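Numbering (my numbering), first residue to last: 4 to 391.
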């Protein structure tokens, strides 16, 4: 199932906060950073200052040579942190699929939300501007890589002394075409050294990289060449992961005595899968990768896993997948010392009921009822029946 990822970046964040604190700075060439005598560096600069070639990361002394009238403001990082927290609180109210990647940037997984992406983006920008006085730019695409580049494209399209307030949406299926004409330096992972090697081969745009034979890029750069080719085509399988979100959930048991009985092991797998699924639902999470862990009597330990087409918190599906993994690695009657079931690739559950999927919806409702009973009377009050 395709994703819809929103990337938000606060425009010239430090400067925007300083303009709120000191309104006389609005429209003026100024920078937030260290003083030149202290080997200071520009942390952020106003859009008016950028007309003179001043950029973030530039030495303050160089910035002053470009424009001697530049006003340099010392950073108030405690205040910036407080303002950032207020913005991120608004974003977290939109969806649990929230990932903050810096003080002024975040990803939101807005897959399946009822509000159309463009309307949601405009509402977010307007709310953050009206409530906090901070401008922002947004990119929306089917993955994190393209969404972030889309934001940068919107920011670069801004003109004049005002924040760009950009919104760039890349429709599903048009990722490669969108990236193709852009300078290759806009592609994540293409630094000065890599760029020089690519230019020597005649490549200057992201499209040039995408059109180059992937095998040649692998020959030149090793495995990084394969990643470079994938990114140039607009491919990115990374999920939005919240900062405090668990990477996986699992349960395992070590038997007092080695177990050979097939039915006993199957019952144990069902119980472990049920516990994991319950924890997922309590945490409002679901996972896409099901993992089975086994330890033989000689202490040899192995794991097997498989990735589903979409995330699940359903114990029936987790159990079925774990039992298939068990049958793929264990011979009937083979002794087992330890067995475990885990789920990873976690994110918020995706509920998309199709007309022909009523049985799955009935199963979900049954599971919800069982959760209520277990919560009230304990885990042993009810179990799904085994199929002999």
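C-beta atoms are modelled at their ideal positions from N, C-alpha and C, and glycine is treated no differently. Computed from a predicted model, the values in this text were never measured in an experiment.
- Contact check between the region 9-24 and the region 39-58: three or more CB pairs, one atom from each, fall below 8 Å, which counts as touching.
- For residue 140, DSSP records a beta bridge to 12.
- Under the three-state reduction of DSSP output, residue 77 falls in the coil class, being neither helix nor strand.
- If you draw a straight line from the Cα of residue 187 to the Cα of residue 156, it comes to about 13 Å.
- Cβ neighbours of residue 336 within its own chain (closer than 6 Å, five residues either side excluded): 263.
- Taking a C-beta distance under 8 Å as the contact criterion, residue 32 and residue 72 qualify as a contact pair.
- For the 8 Å CB-CB criterion, residue 215 and residue 203 do not form a contact.
- Within the model, the alpha-carbon separation for residue 40 versus residue 107 is close to 28 Å.
- For the options 271, 325, 137, the alpha carbon positioned closest to that of residue 293 is the one of 325.
- In this structure, residue 210 sits away from residue 174, with a CB-CB distance that is not shorter than 8 Å.
- Per the coordinates, the alpha-carbon of residue 69 lies some 21 Å from the alpha-carbon of residue 78.
- The beta carbon of residue 146 is closer than 8 Å to those of 6, 8, 178, 237, 238, 239, 240, 241 in its chain, skipping five residues each way along the sequence.
- For the pair residue 290 and residue 331, the CB atoms are not nearer than the 8 Å cut-off.
- Sequence-distant partners of residue 261 (beyond 5 residues in either direction) whose C-beta falls short of 7 Å from its own C-beta, in its chain, are 300, 338, 339, 340.
- Relative to the Cα of residue 27, the nearest Cα in the group 64, 65, 74 belongs to 74.
- Within the region 290-338, the beta strand (DSSP E) runs of at least 3 residues that lie entirely inside it are, in chain order, 304-315.
- Per DSSP, reduced to three states, the secondary structure at residue 112 is strand.
- By the CB criterion at 8 Å, residue 138 and residue 168 fall inside the cutoff.
- In the three-state DSSP reduction, residue 168 falls in the coil class, being neither helix nor strand.
- One Cα belongs to residue 283, the other to residue 277, and the distance between them is close to 10 Å.
- Take residue 193, set aside five residues on each side of it, and the residues of its chain with a beta-carbon closer than 6 Å to its own are 187, in chain order.
- If you draw a straight line from the Cα of residue 10 to the Cα of residue 99, it comes to about 14 Å.
- Straight-line spacing of the CA atoms in residue 34 and residue 76 works out to 6 Å.
- Taking each of 220, 165, 253, 297 in turn and checking the Cα distance to residue 54, the smallest one comes out for 165.
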